[in-house]
Amino acid sequence: MTNVLALIEISPTGVLATSAPALIAAAAKLGTPVAVVTTHPGDGTGLAAQLGALGAQQVYIAESAHVGRVIAAAQVEALTSAAQALEPSAVIVANSVESREVAGRFAVRTGAGLLADVVDVRVNDDGSAVGIHSVFGGAYTVEATVHPGPAVITLRQGALDERAAAATPTVTTVALNIDAGNSARIDTLHAAESGSGRPALRGATSVVSGGRGLGSREDFVLVERLADALGAAVGASRAAVDAGYIEQGSQVGQTGITVSPQLYVALGISGAIQHRAGMQTAKTIVAINKDEDAPIFDVADFGIVGDVFTVVPQLIDAIQARSN
Ligand code: FAD
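What follows is the structure, encoded as C-alpha cells:
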C-alpha cells in the first residue's frame, strides 16, 4: 500500500485538533496513514501514542523553532519533507482556514492537483485517490481525481465519521529548515473567548440553528435553550444574522460556516439553497417550520410543521425529562 500523509493540526497548547481522527481515517481508506505534525524541538513527546491510537501507522514529526511563529510555512515545509521521503499517493489536510492555506501552497510548490472540501474519499481501480464532493447545496455528489498524483485533498470537518483501527506507529523526527524571512510572522496570539461554554460550531457533532422565524434577538434564546438541552452548538441562517439575532460567526451556509454534524436541527429556517450548502451533509436533519411547503423539509429526515414557540418548549421538556 502507498503512504498517505495526513497533516494534523495542533493547538498552541499542544492539543490535537478535533479534525485529527477523521484525517487519519481518510488516509487509512487510501493507503498507509502517516500523521505529519510540526512541533518545537523536543515538544513531540506523547504525540506518537495519541496519533497511533487514532490509527496512524507512522508519525512524521517535523521540528522547528519557527512552529507557531510563522503562518503555514512550517507545515508546508513539513509536508514537502515528508513527501520527498515517503512518496505518498495523496496528502490530506483539514478544510480549515489554516490547512487550506497550507494545501494551496504545498500544491503550488509541488505542482500537485488540489481536491478541495471533499466529504469522503475512495481508491480508484488504478490506485489513485478519488475525492468525493457534495456540491450545489448537496444536490449533487461529484467524484474527482488527479492525474498524475499525488492528490492534495482538503477534508470537510465533521463529514467523515469512520475511524481507523489503533496502531503502534513508527516515529520519524526531522529538523526543518525554514526561511522565516519570507513568511508572515505571528507576533501575538489571543484565544477567542466564546464565553458560552457551548461546543464550537465548526466540527460540532450536534447543531441547533435558528432563522428569521425566531422573530427577534430576545426570542432567539429559544434556539440556545434547545442547543443546551442537547449539548449542541448554536448556528443561524444569514437572515437571522442580518437581523442581529446572533453574531456573524454563527452563520451556517455558503457564505458562512459549513457543518456536517450527526444532528442538525433547523428552527424557523426556510431552507434556501445558500443555507443548505452549509448543512446538507449532516447525518440527520430535523426541521421545525410552520410552513409545510418550506424547502427545508425537502432535505429533512424528520420534519414538524408547527410554530417553534409551541413545539420547541415541549421538545426541551421531553429531552430534560428523559435525561432526569
Ligand atoms: P426566511 O427565508 O425568511 O425563512 C424563515 C422561515 O421561518 C420561513 O420558512 C417561515 O415559514 C418560518 N417561520 C416563521 N415564523 C415561524 C414560527 N413561529 N415557527 C416556525 N417557523 C416559522 N443564507 C444562509 O443561511 N447562509 C448563507 O451562508 C447564505 N449565503 C448567501 C449568499 C448569497 C450570495 C445570497 C444571495 C444569499 C445567501 N443567503 C444565505 C441567504 C439565503 O438566500 C436566505 O435568504 C436565508 O437563508 C433565509 O434565512 P431564513 O431561512 O432564516 O429566513
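Quick note, the working numbering runs 170 ahead of the 1-based positions in the sequence shown. Idealized CB from N, CA, C, for every residue including glycine. Since the model is a prediction, treat every value here as computed from it, not as a measurement.
Heavy atom of the ligand FAD less than 7 angstroms from the Cβ of residue i, yes or no?
| i | result |
| --- | --- |
| Thr-324 | no |
| Thr-375 | no |
| Ala-409 | yes |
| Ala-403 | no |
| Lys-460 | yes |
| Thr-451 | no |
| Ile-486 | no |
| Val-505 | Residue 505 is absent from the structure shown; the chain starts at 171 and stops at 494. |
| Arg-387 | no |
| Thr-425 | yes |
| Arg-372 | no |
| Ala-470 | no |
| Ile-302 | no |
| Arg-292 | no |
| Ala-243 | no |
| Ser-493 | no |
Would residue i and residue j qualify as a contact pair, given that the criterion is a beta-carbon distance under 8 angstroms?
| i | j | result |
| --- | --- | --- |
| Leu-175 | Val-300 | no |
| Ile-416 | Ala-410 | yes |
| Val-204 | Ile-178 | no |
| Gly-381 | Ser-407 | yes |
| His-236 | Ile-323 | no |
| Ser-251 | Val-344 | yes |
| Val-482 | Ala-470 | no |
| Thr-454 | Gln-484 | no |
| Arg-446 | Gly-308 | yes |
| Thr-280 | Ala-253 | yes |
| Asn-330 | Ser-234 | Rather than Asn, the amino acid found at residue 330 in this sequence is Leu. Cβ distance not < 8 angstroms, so Leu-330 and Ser-234 don't count as in contact. |
On the three-state DSSP scale, how would you describe residue i?
| i | result |
| --- | --- |
| His-210 | coil |
| Ile-466 | helix |
| Asn-459 | strand |
| Glu-268 | helix |
| Asn-173 | strand |
| Ser-420 | helix |
| Gly-405 | strand |
Thinking C-alpha only, which one of the options is nearest residue i?
| i | options | result |
| --- | --- | --- |
| Ile-466 | Asp-487, Phe-479 and Ala-436 | Ala-436 |
| Ala-402 | Val-288, Arg-408 and Val-393 | Val-393 |
| Gly-448 | Asp-389, Glu-257, Ala-232 and Val-289 | Val-289 |
| Ala-195 | Ala-255, Glu-271, Ala-252 and Ala-334 | Ala-334 |
| Leu-400 | Arg-368, Gly-414, Gly-383 and Gly-419 | Arg-368 |
| Ala-286 | Arg-292, Val-263, Ala-491 and Gly-297 | Val-263 |
| Gly-283 | Asp-295, Pro-318 and Gly-308 | Pro-318 |
| Gly-438 | Gly-216, Leu-371 and Gly-476 | Gly-476 |
| Arg-387 | Ala-321, Asp-412 and Ser-430 | Asp-412 |
| Asn-173 | Leu-217, Lys-199 and Gly-328 | Lys-199 |
| Gln-490 | Ser-440, Ala-361, Leu-396 and Ser-259 | Leu-396 |
| Thr-358 | Tyr-434, Asp-295 and Gly-238 | Gly-238 |
- Message: Contact between the stretch 456 to 467 and the stretch 419 to 428 is defined here as three or more beta-carbon pairs at a separation below 8 angstroms; is this criterion met?
- Response: no
- Three CB pairs or more closer than 8 angstroms across the stretch 267 to 280 and the stretch 241 to 256: yes
- Query: So, do the stretch 210 to 227 and the stretch 333 to 345 have three or more beta carbon pairs nearer to each other than 8 angstroms?
  - Reply: As far as the Cβ criterion goes, the stretch 210 to 227 touches the stretch 333 to 345, which means the pair count is three or higher.
- Message: If contact is defined by three or more beta carbon pairs under 8 angstroms, each pair taking one atom from either stretch, is the stretch 177 to 196 in contact with the stretch 217 to 224?
- Response: Touching, yes, given that three or more Cβ pairs across the two stretches are closer than 8 angstroms.
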